[in-house]
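Peer 1: Right, I'll just put the structure down here and ask away after.
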Amino acid sequence: MTDNYSEAVKTNTEVKDKKFIPTIESVLKKKPIQMPQEIYSASGINIFGKRIKSLIYTTDLAIIKNHNADGVIAVYPFTPQIAINQAIIELSSAPVFVGVGGGTTTGQRSIDIALNAELTGAYGVVLNAPTKNELIAEMKERLDIPIIITIVSEKEDFESRIKAGASIFNVSGGPNTPNIVRAIREKHPLFPIIATGGPTPQNIYETIKAGANTVTFTPPTPGELFSKMMDKYRTDIINSLEEEN
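Straight run, no breaks: the sequence shown in my numbering ends on number 273.
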């Protein structure tokens, strides 16, 4: 009988690093989408007793069931919908932080979506960069979970966001992200910061070095992952047929 997990365990434990962590997983239950190792050098943010160093940026339900991130940040470029938030929160085994608007969707509608997210089990809500401080303040009076405000420039008024009630900054500045994080850290050494990590290990390292506590990771799309799988299947089948001949 084939042992479904011994090889997976061996692969993950035979090389001991500075802090050796025994790993137990199986072929069928192994998480295909792994967070970059560089992320684990971040301090993390302790939210409701859970230390969160990595967040996967996705709303794809299949990916949400097949990753090893500490949490999910589920924001999307459409009007926030309660049904989408509920589906993600219900399916995810990791804490979920959901988008509740702040740009096109704002005011009482955003507050209602945020309150529903809290009652459904979200660990926090994410507001877009255009959000007015008045909305943050009003939402803060209603919610008992963190309000995460998106920051896109080092020229923004960080102090006013904090005074309004923002609990965490979500820095999304593209290539300029480390500079924005650094600018926040100069004025607020201890304020919690989530930031995009970028496409390479060096980008992630620079973001953490600048002062980010938690890093968001954008995974490959299901199409990209399936394409690699099909390439492997084709190669295996061709090789098998050639061996038979």
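Think of the CB as a built atom: it goes at the ideal place given N, C-alpha and C, for glycine as much as any other residue.
Could you tell me the boundaries of the beta strand (DSSP E) in which T249 lies?
Peer 2: Walking along the sequence shown from the start, residue 249 turns up at place 221. Taken as a continuous stretch (DSSP letters only), T249 belongs to no beta strand (DSSP E), as it is neither H nor E.
Peer 1: Would you kindly report the start and end of the unbroken alpha helix (DSSP H) that includes S138?
Peer 2: Numbered from 1 along the sequence shown, position 110 holds the residue referred to as residue 138. Its alpha helix (DSSP H) spans residues 135-148.
Peer 1: Specify, as a first and last residue, the run of the beta strand (DSSP E) that I61 falls within.
Peer 2: Numbered from 1 along the sequence shown, position 33 holds the residue referred to as residue 61. Looking at the DSSP string, I61 is not in any beta strand (DSSP E), and its letter there is neither H nor E.
Peer 1: Check each candidate in K191, E184, H216, E214 and name the one with the smallest Cα separation from G201.
Peer 2: What you label residue 201 is simply residue 173 of the sequence shown in a count that begins at 1. Closest by alpha carbon: E184.
Peer 1: Between which two residues does the alpha helix (DSSP H) harbouring K278 extend?
Peer 2: Here the chain covers residues 29 to 273 and nothing more, so residue 278 does not appear.
Peer 1: Is it a yes or a no for the stretch 205-215 touching the stretch 189-196, going by three-plus beta-carbon pairs under 8 Å?
Peer 2: Verdict: no, contact absent.
Peer 1: Out of T228, P229, Y233, P227, state which residue places its alpha-carbon closest to the alpha-carbon of V209.
Peer 2: Residue mapping note: residue 209 aligns to position 181 of the sequence shown, counting from 1. Cα-wise, what sits closest to V209 is Y233.
Peer 1: Under a Cβ-count criterion, where at least 16 other Cβ atoms within 10 Å of its own Cβ denotes burial, should K260 be classed as buried or exposed?
Peer 2: Here residue 260 refers to the residue found at position 232 when the sequence shown is read from its first residue. Label assigned to K260: exposed.
Peer 1: Quick one: grab the DSSP three-state call for Y85.
Peer 2: For the purposes of this step, residue 85 is identified with residue 57 of the sequence shown, where counting begins at 1. Looking at Y85 - three-state DSSP - the assignment turns out to be strand.
Peer 1: Just reading off the beta strand (DSSP E) that T244 is part of, what are its end residues?
Peer 2: What you label residue 244 is simply residue 216 of the sequence shown in a count that begins at 1. 242-245 is the extent of the beta strand (DSSP E) around T244.
Peer 1: Cutting at 8 Å between CB atoms, please list the residues of its own chain near T249, excluding the five before and the five after it.
Peer 2: Looking up residue 249 in the sequence shown gives position 221. Here the set comprises D88.
Peer 1: Could you name the residues of the same chain whose beta carbon sits closer than 6 Å to that of E144, not counting the 5 residues immediately before and after it, in chain order?
Peer 2: For the purposes of this step, residue 144 is taken as residue 116 along the sequence shown, with counting starting at 1. Inspection of the sequence shows that residue 144 is occupied by Asn rather than by Glu. Result list for N144: I110, in chain order.
Peer 1: For G135, is the classification buried or exposed, using 16 other Cβ atoms within 10 angstroms of its Cβ as the cut-off for buried?
Peer 2: Indexing the sequence shown from 1 puts residue 135 at position 107. Answer is exposed; the Cβ neighbour count stays below 16.
Peer 1: Please classify V154 as buried or exposed, where buried requires at least 16 neighbouring CB atoms within 10 angstroms.
Peer 2: Locating residue 154 in the sequence shown gives position 126, counting from the first residue. V154 comes out buried.
Peer 1: What residue does the alpha helix (DSSP H) around K215 start on, and which one ends it?
Peer 2: Reading the sequence shown from its first residue, position 187 is the one you call residue 215. 205-215 is the span of the alpha helix (DSSP H), which, as asked, contains K215.
Peer 1: What residues in its chain sit with their C-beta under 6 Å from that of Y104, if we drop five residues either side in the sequence?
Peer 2: Working through the sequence shown from its first residue, we reach residue 104 at position 76. Closer than 6 Å at the Cβ level, and outside the excluded window around Y104, lie T87.
Peer 1: Report yes if the CB atom of G129 is closer than 8 Å to the CB atom of S138, and no otherwise.
Peer 2: The residue labelled residue 129 in the question sits at position 101 within the sequence shown. The residue labelled residue 138 in the question sits at position 110 within the sequence shown. Contact: yes.
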